[in-house]
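> Let me give you the structure first, and then I'll get to my questions.
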Amino acid sequence: MNIQNPLQAGDKVLVGRSLITIDTDFADSLQPGDEVLGIASTGQIKLIPHNVSVAATEAVSAALSAFSQMGLVSNGSITDFFDQAATLLADDSVFEQITVVNRGDVEQAIAKGRSTTRLVMDQKMRQEMIVALQMWRDLPGAHMKAMRTIEHQGWALEEWEAPLGVIGFVFEGRPNVFADATGVLRGGNSVVFRIGSDALLTARAIMSLVVSPALVSSGLPVGAVVLLDSPEHAAGWALFADDRLALAVARGSGEAVAQLGAIAQQAGTPVSLHGAGGAWMLVTESADVVRLYEVVRHSLDRKVCNTANVFCVARSRAKELCDVINAAAINASQDRGTEPIVHVVGDARDFFSACLEEDIEALAKEWEWENSPEFHVVLVDDVAEAIDLFNRYSPQFIVSVISESSHDHEQVWNSAAAPFVGDGFTRWVDGQFALLRPELGLSNWQNGRLFARSGVLSGNSAFTVRMKVRQSDADLHR
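First residue of the sequence shown? That's 6 in this note's numbering, and the numbers climb one at a time after it.
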């Protein structure tokens, strides 16, 4: 709702099934032209300042205009965009300008006590972005592709993979999202994104020094990639409330992502949410200890969504297997000069000298850590019990089975509600690593089952289907 006559303290607003009483602070913050957004599923109200609302509306309008032009753009021009963006990022003089700005972002984040783990624009991040852009460059053009033809008597039906529209993104504050977000151009889409405020200065530099020049020189419409240039959380709310988006993608913390998803769904926009994770590893009685050590170590090397969060360990070999897990976790901690933090359930406490005891329900918690690997350990009698715990308490995301028994692997594959199933380290779930396509997010996997498409949402998987009929019989009727 647009506020022309501001709400007063004590006014009541029905949001979904909740009757919200406007408090004094909220009422005093309202200015003419501001918008109040009610989130029906949570019973919350949010204030969107007028200038933020205007910025979001203008950003989507620019991207919508660009999308209408993308149908006239050749696949060669799209390929040229990615090639030029990669070349510009590989230019040391360009990169030095970006890093100078990035250092300012990092300094501000440190002053605020924020994490800078994924904020620093270092050589490793630069190279990963270049590789990602080159991956998009080298993929076959696909922004209008024939899928199949169904022949009938006197006519034929053609199905075509077609661009989806304007994709809206809200990303956490890390600079490498450009390589992910611009991937939607490969499918003929356009994009508006808001990046976390910690990385906003860096984002502006990348837009001005890499993305915008590459758009212009390749002949793509300049609105094909739009940065919603606002540090306010309200910018994300305003963006996802715009019903002109074809798809809304959010990545970040669980609560914030869920809130954004609710806003987009309320506007009637399909969503791809990626706000929780935490992988599970099922360690059976036939597990090979050498393999176990390595896969645990590489599953705890950094905290991201695919980091190992819960270990279900066979009770029959608990001492030996827990010792290996502990040793591997200590090894993973050494580069940071820290020690692992182990949370145990029940009798798992007997096998760790330093641990924190938890109830079984705690297995549902995803540990968020910076430098000290943190995880749960629970003992199980058999694979069936481990699967039951996974299906009840996990986010139904990634499960890895460490076992020498093919029966164990088959049992987990058939019964675990996980879209991503492996037999080694958990951190393989990544579009760029596994599919050679940078990911936009992990799409709608929260219930352990996916509809039709891969759970890794990539730039060229954001498409719709159009149908075209070719009628040879003029007298065709039904």
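Glycine included, every Cβ here is placed at the ideal spot set by N, Cα and C. Remember, predicted model here, so these are calculated numbers, not experimental data.
With DSSP collapsed to three states, give me the class of W433.
It is helical.
> What residue from D386, T62, Q36 and R142 has the CA that sits closest to P54's CA?
Comparing Cα positions, the closest option is Q36.
> Are the beta-carbon atoms belonging to L384 and R320 less than 7 Å from one another?
In this structure, R320 lies closer than 7 Å to L384 by Cβ.
> Classify N194 as buried or exposed, calling it buried when 16 or more other Cβ atoms lie within 10 Å of its own Cβ.
The residue in question, N194, is buried, as its Cβ has 16 or more Cβ neighbours within 10 Å.
> Name, in chain order, the residues that DSSP records as bridge partners for T26.
Answer by DSSP bridge pairing, in chain order: K17.
> Taking the DSSP output, what are the residues bridged to A313?
Looking at the DSSP assignment, A313 forms a beta bridge with A284.
> Are the CB atoms of P236 and L205 nearer to each other than 7 Å?
In contact: P236 and L205 (Cβ atoms closer than 7 Å).
> P218 by DSSP, collapsed to three states: which one?
Looking at P218 - three-state DSSP - the assignment turns out to be helix.
> Specify, as a first and last residue, the run of the alpha helix (DSSP H) that T92 falls within.
Start and end: N80 to A95.
> Are the stretch 267 to 287 and the stretch 240 to 257 in contact at 8 Å, needing three or more beta carbon pairs?
These segments touch.
> With three or more beta-carbon pairs closer than 8 Å as the criterion, would you say the stretch 313 to 332 touches the stretch 371 to 384?
Segments in contact, yes.
> Grouping DSSP H, G and I as helix and E and B as strand, with all else coil, what is L305?
Coil.
> Taking 7 Å as the limit between beta carbons, can you name the residues of its chain near D293, skipping five residues before and five after?
E409, listed in sequence order.
> Since V57 is in the alpha helix (DSSP H), which residue starts that stretch and which ends it?
Where V57 is concerned, the enclosing alpha helix (DSSP H) stretches over H55 to M75.
> For E344, report the span of its beta strand (DSSP E) as first-last.
It is not in any beta strand (DSSP E) - E344 carries neither H nor E in the DSSP assignment.
> Could you tell me the distance, in whole angstroms, from the CA atom of F183 to the CA atom of A423?
Approximately 29 Å between the Cα atoms of the pair.
> Who are the Cβ neighbours of V189 in its own chain at under 6 Å, not counting the five residues just before and after it?
Within the same chain, V189 has close Cβ partners I172, V196, G464 and A467.
> Among C360, E344, P345 and T343, which residue has its Cα nearest to the Cα of G351?
Ranking C360, E344, P345 and T343 by Cα distance to G351 puts C360 first.
> Can you grab the Cα-Cα spacing for the pair G76 / R475, in whole Å?
Answer to the nearest angstrom: the Cα atoms are 21 Å apart.
> Applying the 10 Å Cβ sphere with the 16-neighbour rule, what's the burial state of F72?
F72 comes out buried.
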